[in-house]
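K.L.:
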Amino acid sequence: MIDAGHAGPDARLAVIGGGKIGEALLAGLVRQAGDGEGFLVVERSPERAAELTDRYGVGTTDLAGAAARARVLLLAVKPQDIDALLAALGPHVTPDHLVVSVAAGVPTSRVEAALPAGTPVVRVMPNTPALVDAGMSVLSAGAHATEAHLDEAEALLLPVGQVRRVPEGQQDAVTALSGSGPAYFFFLVEAMIDAGILLGLPRSLAADLIVQTAYGAAVMLRDSGEHPVQLREAVTSPGGTTIAAIRELERHGVRAALIAAIEAAHQRSVELGRPS
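Each residue of the sequence shown is one higher than the last, beginning at 45 in the working numbering.
What follows is the structure, given as structure tokens:
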């Protein structure tokens with residue numbers, strides 16, 4: 045445990061919360077920096093803290109130590125835990141800190157209310173592909189965050205993928221679309237692999253076929269400049285196998301189910317943003 049009484053910021057960043065998204069962001073930042081020096085982690089579980097230290101070479105500390113040693117504090121806890129965290133962290137924060145919150149659904153106003161007046165807060169919705177430097181992070185400024193604060197938050201996140209800025213009113217939609225989005229793709233890939241097994245292919249071969257197909261399709265979407273409808277139609281020959289499959293997807297309401305699922309995720313994000 046690092047001495048919480050160390051005077052003056054000497055760490056680049058403190059990650060508060062060592063769960064999946066906290067680790068994903070930390071891993072990318074450490075890879076970019078080349079080592080874990082300059083990064084701190086606050087984690088309630090001693091076993092988890094030790095695991096992150098061994099894996100990334102980062103220091104561990106408590107909330108007081110994080111605020112004393114790092115100017116930028118990344119809050120990477122579940123939204124259900126944010127109020128308790130803020131209550132404990134608030135006395136150690138000053139308006140000289142930059143607080144970056146990745147708690148899904150939690151508005152900057154709720155974070156600001158628990159911190160000293162004037163503390164800059166940036167809300168971020170990242171996603172788990174940050175683990176492989178292919179994440180999508182979306183930023184919004186709180187009431188006291190300037191363009192310079194957004195620039196600083198963006199610089200922290202660029203090593204783990206792409207970054208966009210939106211008005212905070214769009215963040216619940218972002219959470220539903222890209223924050224939860226990887227799970228939708230994993231769900232579809234799982235179903236497609238099961239279909240391959242049903243058709244007699246070994247699981248490993250089915251997985252290789254679908255993963256590479258998904259990767260290639262994503263690259264085409266990114267690089268071709270064409271609308272998804274155009275790309276789909278290019279694969280869909282009259283009277284062929286693909287149109288037979290598309291007909292079944294439409295018959296079973298897959299498009300409507302996806303839209304409804306994303307709407308449900310949006311509603312849940314709104315609910316998580318309300319104080320408990």
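Even glycine gets a Cβ: it sits at the ideal position worked out from N, Cα and C.
Just so we're clear, the structure is a prediction, and the values are computed from it rather than from any experiment.
#1: Helix, strand or coil for Ala178? Go by DSSP, reduced to three states.
#2: Look at the alpha carbon of Glu315 and the alpha carbon of Gly283, and state the distance between them as a whole number of angstroms.
#3: Helix, strand or coil for Leu84? Go by DSSP, reduced to three states.
#4: Distance, Cα to Cα, Gly386 vs Lys122?
#5: Can you have a look at Pro135 and say buried or exposed, based on whether 16 or more other CB atoms are within 10 angstroms of its CB?
#6: What does DSSP give as the partner residue(s) for Met169 in the beta ladder?
#7: Using a 10 Å radius around the Cβ and a threshold of 16 neighbouring Cβ atoms, would you call His271 buried or exposed?
#8: What residues match up with Ala206 in a beta bridge as DSSP calls it?
#9: Okay, do the region 147 to 156 and the region 82 to 94 touch, 3+ Cβ pairs below 8 Å being the bar?
#10: Are three or more beta carbon pairs between the region 206 to 218 and the region 172 to 185 nearer than 8 Å?
#11: Leaving aside the five residues before and after Leu84 along the sequence, list all residues of the same chain whose C-beta is less than 8 Å from its C-beta, in chain order.
#12: Using a Cβ-Cβ cut-off of 7 Å (strictly less than) and excluding sequence neighbours within five positions of Asp79, which residues of its own chain qualify?
#13: Would you call the CB atoms of Val168 and Val143 closer than 8 Å?
#14: Note the first and the last residue of the continuous beta strand (DSSP E) segment covering Val155.
#15: As an exercise, report each continuous beta strand (DSSP E) stretch of at least 3 residues that is fully enclosed by the region 87 to 148, in chain order.
#16: Phe231 and Ala258 - do their beta-carbons sit closer together than 8 Å?
#17: Please list the terminal residues of the continuous beta strand (DSSP E) segment that includes Gly57.
#18: Return the chain-ordered list of same chain residues with a C-beta closer than 8 Å to the C-beta of Glu212, the five sequence neighbours on each side being excluded.
#19: Helix, strand or coil for Pro226, going by three-state DSSP, please let me know.
#20: Just the C-alpha distance for Ala309 and Leu73, rounded to the nearest angstrom, thanks.
#21: Would you report the Cα separation of Ser313 and Ala199, rounded to the nearest angstrom?
#22: Measure the C-alpha to C-alpha separation of Glu67 and His188 and round it to an integer number of angstroms.
#23: Between which two residues does the alpha helix (DSSP H) carrying Ser281 extend?
#24: Identify, in the order they occur along the chain, each residue of the same chain with its Cβ nearer than 7 Å to the Cβ of Pro226, setting aside the five sequence neighbours on each side.
#25: Cutting at 8 Å between CB atoms, please list the residues of its own chain near Leu249, excluding the five before and the five after it.
#26: Among residues of its own chain, excluding the 5 on either side of Arg318, which ones have a beta-carbon nearer than 6 Å to its beta-carbon?
#27: Under 8 Å by Cβ, that's how I've got Thr138 and Pro160 pegged, so tell me the actual separation to the nearest angstrom.
P.N.:
On the basis of the data shown:
#1: coil
#2: 46 Å
#3: strand
#4: Residue 386 is absent from the model: the chain starts at 45 and stops at 320.
#5: exposed
#6: Val182
#7: exposed
#8: Checking the displayed sequence, the identity of residue 206 turns out to be Gln instead of Ala. DSSP lists Met180 as partners of Gln206.
#9: no
#10: yes
#11: Ile46, Ala55, Leu57, Ala58, Val59, Val102, Gly103, Thr104, Thr105, Gly109, Ala110, Arg113, Ala114
#12: Gly101
#13: no
#14: Run containing Val155: none in the beta strand (DSSP E); it sits in the alpha helix (DSSP H), 152 to 157.
#15: 116 to 119, 142 to 145
#16: no
#17: Inspection of the sequence shows that residue 57 is occupied by Leu rather than by Gly. First-last of the beta strand (DSSP E) with Leu57: 57 to 60.
#18: Pro151, Thr152, Arg167, Ser184, Ala185, Gly186
#19: helix
#20: 28 Å
#21: 26 Å
#22: 27 Å
#23: Premise fails: Ser281 is in no alpha helix (DSSP H) and is neither H nor E.
#24: Asn171, Thr172, Pro173
#25: Gly240
#26: none
#27: 6 Å
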